[in-house]
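When the letters of the sequence shown are read in order and numbered with our numbering, they come out as residues 61 to 676.
We put the beta carbon where it would ideally sit given N, CA and C, even for glycine.
Data first, discussion second: the structure below is written as structure tokens.
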Amino acid sequence: LVYQGTGNRNMTEIMLSEVVSAPVVMSPTSSQPSVDLSQKESYALAAGVAVGLIALGRRNDPGLADLQLEAKLVKYMVGGSHKVRPIPGNCVLRTKSKSPSREYVNVDVTAAGSALALAFMYIHSNNERVRQQLAIPATVVSLEAIRPDLLFVRVVASNVVAWDAIRPSVEWIHGHQPPCFTRDGPVDPPTAQEGYANILAGACFSVGLKFADIVFDECEWEGVGSHDVVAKSTLLACISDFCEWRSKAKAVSRVTWERCLGVLTQSLALVMAGSGDLDTLRALRVVLLRQKADAMADVTYGNHMAVTSALGLLFLGGGRCAFQSTPFAIAVLVVAFFPMYPSKTSDQKYHLQALRHLYVLAIDSNRFVETIDADTGAQSPVDLVISTTGLKNHKVVRTPHLLPAYDKLSVLSSRHFPVNVNVKTVGNEDDGGNANACRVQTLNERRRIYVKRKQGDLDSPQLALLRQFRRWFVHDTSSHTNHAFCKRVWQECEVQQKPHVLAVYLNAKHTEVAVLSDALAHSLNVSTLHLMHLHMEVEGHMFPYELPIEAGAFDHEKDQHDDLGVAQLVNEDFVLGYTNALLRYFSELHPDENVDTLAQCAHLRFLGDHMLAQLE
């Protein structure tokens, strides 16, 4: 990590030599070091990852040419003879070679780390030659010579190199399968079925890596990037098919199936990271409940860890974070979610568990944006137009949202004044000058865009209801019994910009009339009146609003008009009026009257009496 991407020759040579060396430990009872062969796989994997991170994206760097790095990594991956080091502890198979100074490399130990190292060297390069070296073989004999879990590594490594070829489709995922692994054919041997499961998991994991970042691009599919619906539906279909395939593939071990299922869930979580998507949550919940109900020895600590970590990725940062797509971010995601899960917390045999935490290095916390009402300080969801230089189409999202790379953000709402945030023209007087710079600074520091609501919001459903209410009940020729009340309520809601309170007034008036006329259908309606009375005591009962501009005002007076009035959410005179009327009515009830009448229940509910619970 310290030397990542530097191509430091000395550190690369040291780490490369450690790929074929076993870890050396010091015994407390002896001064001589000893070789710990129980963790040689994880040691070789860590050394290979170290080589890949140091040479990350360096490709055929001239400074590393004399190390023959690519040739050695290919040999450690596919096999070949190796020169023995003068110290013990080689991760090689002892052979009866004529030359005692040469032995054959144990590819079961070195293949995973070497494949990842080669993939990280050529990450995102689309180098066809390297992709062919990492690709899985096509012949049955060659496939049987490879351990099934290494097929997963080869698929992921080849796709990390051929990055632009990844597609979020079921056809592309199944296209990795060699003809002998098709499940529609005759019953396959265990090696073939386990190979099929690992190749499927590797292809799905590649899709998860590709679409873990938020990218807005013009491609043949829509919405490329985090929360991409096409990639999500593809991975959900793969999880469903994989669970159904389990009943047909009798030769697949339970350990392999659980491990590959964990990879599929993590791949889906990578695509939907930070979204809290309900469909993804349901899929993960099904897997979690099945694991809890089927508590067998084959379902290990690592399998539970894989699915629960996928659940954590789904709500990454409380929905405020996403993953990056830089070469370093992709590399650490591969290392962190490498699917050799431990059987217990102290298991370090195949993968160093400390590396599981490296995913945090790929997190980008500067993707979240929310829109805040400048007057109330409350969150105000609006449509946001995302513009990117070089792309013809614009993307419209609903705040709060996780943003892709952008050049300009524009508020698209008829209910709010237009706001533009242009990160490319900060300080340009023609594009807002200091105002735009302040908006960009607020967005970078607080991840917020402040919006100002227009007065007379014509698209508001509450205002539409208010206009219809005026049309039917407030006009001068109305003969409605409560014409004066309706007119007063309409004027108050119109002037003080609180159309949403109209329904509260009408329900309260209806309840008051029903109680006084002994036509109350349910005492629960009286609780609304009691809550309105209690609401007068809270601070939120008062709110500011813009005073209307007087008719005949000059233009300069309109421009300078920024006076605010203070209004009550519900008029206190109205609340006190119906309170006195109801208390007068309740006081006239006969004290010996049966307490189970609606009138008595309404009285207790209006007072908030604790005896109401006993009565009910």
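- prompt: Using DSSP with H/G/I as helix, E/B as strand and the rest coil, what is Ala195?
  reply: coil
field: Per-residue DSSP class, three states only, for Tyr510
entry: strand
query: Can Leu269 be considered in contact with the ligand NAP, in the sense that its beta carbon sits closer than 6 Å to one or more heavy atoms?
result: Because no ligand of any kind appears in the structure shown, any question about the ligand NAP cannot be addressed here.
task: Select from Ser403, Ser202, Ser385 and Ser335 the residue whose C-alpha is nearest the C-alpha of Met365.
output: Closest option to Met365, Cα to Cα, is Ser403.
message: Tell me the DSSP secondary structure of Val206 in three-state form.
response: Looking at the sequence provided, one finds Ile at residue 206 rather than Val. If DSSP states are grouped into helix, strand and coil, Ile206 belongs with coil.
- prompt: Just checking my contact of Ser174 with Val216 at CB under 8 Å: how many whole Å lie between their CB atoms?
  reply: Distance from Ser174 to Val216 at the Cβ level is roughly 13 Å; contact not present, criterion being Cβ atoms closer than 8 Å.
Beta-bridge pairing of Leu269 - partner residues as DSSP gives them: Looking at the DSSP assignment, Leu269 forms no beta bridge with any residue, so it has no partner.
- prompt: Looking at the structure shown, is His364 part of a helix, part of a strand, or coil, going by DSSP?
  reply: helix
message: So, under 8 Å CB-CB, Tyr419 and Leu393 are touching, yes? Tell me the CB distance rounded to an integer number of Å.
response: A Cβ-Cβ distance of about 6 Å is found for the pair Tyr419 and Leu393, placing them in contact under the 8 Å criterion.
- prompt: When you compare only the Cα positions, how much space is there between Met137 and Gln64?
  reply: 22 Å
query: Which class does Ser470 belong to by DSSP, given the choice of helix, strand or coil?
result: strand
field: Spatial distance of Trp317 from Asp337 (CA atoms)
entry: 25 Å
task: Identify, in the order they occur along the chain, each residue of the same chain with its Cβ nearer than 6 Å to the Cβ of Thr66, setting aside the five sequence neighbours on each side.
output: none
- prompt: What do you get for Val85, buried or exposed, if any count of 16 or more other CB atoms within 10 angstroms of its CB means buried?
  reply: exposed
message: Along the chain, where does the alpha helix (DSSP H) containing Arg350 start, and where does it finish?
response: Leu338 to Ala353
query: Quick one, which of Arg319, Ala333 and Val564 has its alpha-carbon nearest Asp288's?
result: Ala333
field: Three-state secondary structure assigned by DSSP to Lys547
entry: helix
task: Run the CB neighbour count on His454, radius 10 Å, all protein chains shown included, and call it buried at 16 or more, exposed below.
output: exposed
field: Residues of its chain near Asn585, where Cβ-Cβ distance is below 6 Å and the 5 sequence neighbours each way are ignored
entry: The beta carbon of Asn585 is closer than 6 Å to those of Thr571 in its chain, skipping five residues each way along the sequence.
- prompt: From Tyr182, Ser369, Thr251 and Pro239, pick the residue whose C-alpha is nearest to that of Asn219; which is it?
  reply: Tyr182
field: Endpoints, alpha helix (DSSP H) assigned at Val290
entry: Val289 to Trp305
task: Give the C-beta separation of Cys264 and Cys298 to the nearest angstrom, bearing in mind that I take them to be a contact with Cβ-Cβ under 8 Å.
output: 5 Å
Burial state of Thr405, where buried means 16 or more other Cβ atoms lie within 10 Å: exposed
- request: Compare the beta carbon distance of Leu371 and Thr340 with 7 Å and say whether it is the shorter of the two.
  value: no
Alpha-carbon to alpha-carbon, Val511 and Asp301: Near 46 Å, if we compare the C-alpha coordinates of Val511 and Asp301.
Simplified DSSP state of Met75, which is helix, strand or coil: Met75: helix per DSSP, three-state reduction.
Stretch-stretch touch, CB-based, cutoff 8 Å, three pairs: the segment 409 to 423 with the segment 379 to 390: yes
message: Quick check: the Cα distance between Tyr401 and Leu444, rounded to an integer number of angstroms?
response: One alpha carbon belongs to Tyr401, the other to Leu444, and they sit about 41 Å apart.
field: Where Gln99 falls: helix, strand or coil (DSSP)
entry: helix
query: Looking at C-alpha atoms only, which residue of Asp633, Leu463, His476 and Trp232 is the closest neighbour of Val442?
result: His476
- prompt: Apart from the five residues on each side of it in sequence, which residues of its chain come closer than 6 Å, Cβ to Cβ, to Ser313?
  reply: none
- prompt: If we count the other Cβ atoms within 10 Å of its Cβ and call it buried at 16 or more, is Thr464 buried or exposed?
  reply: A small fix is needed here, since residue 464 is Pro in this sequence, not Thr. Buried is the call here.
task: Would you decide whether Ser647 is buried or exposed? Buried here means 16 or more other CB atoms lie within 10 Å of its CB.
output: exposed
task: Answer yes or no: do Lys602 and Val626 have a C-beta to C-beta separation smaller than 7 Å?
output: Checking the displayed sequence, the identity of residue 602 turns out to be Met instead of Lys. It is a contact, given that the beta carbons lie within the stated cut-off.
task: Tell me whether Met683 sits in a helix, a strand or coil according to DSSP, three-state version.
output: The structure shown does not extend to residue 683, since the chain spans only 61 to 676, so no value can be given for it.
- request: Look at Val367 and Val347 and say whether their C-beta atoms are less than 7 Å apart.
  value: yes
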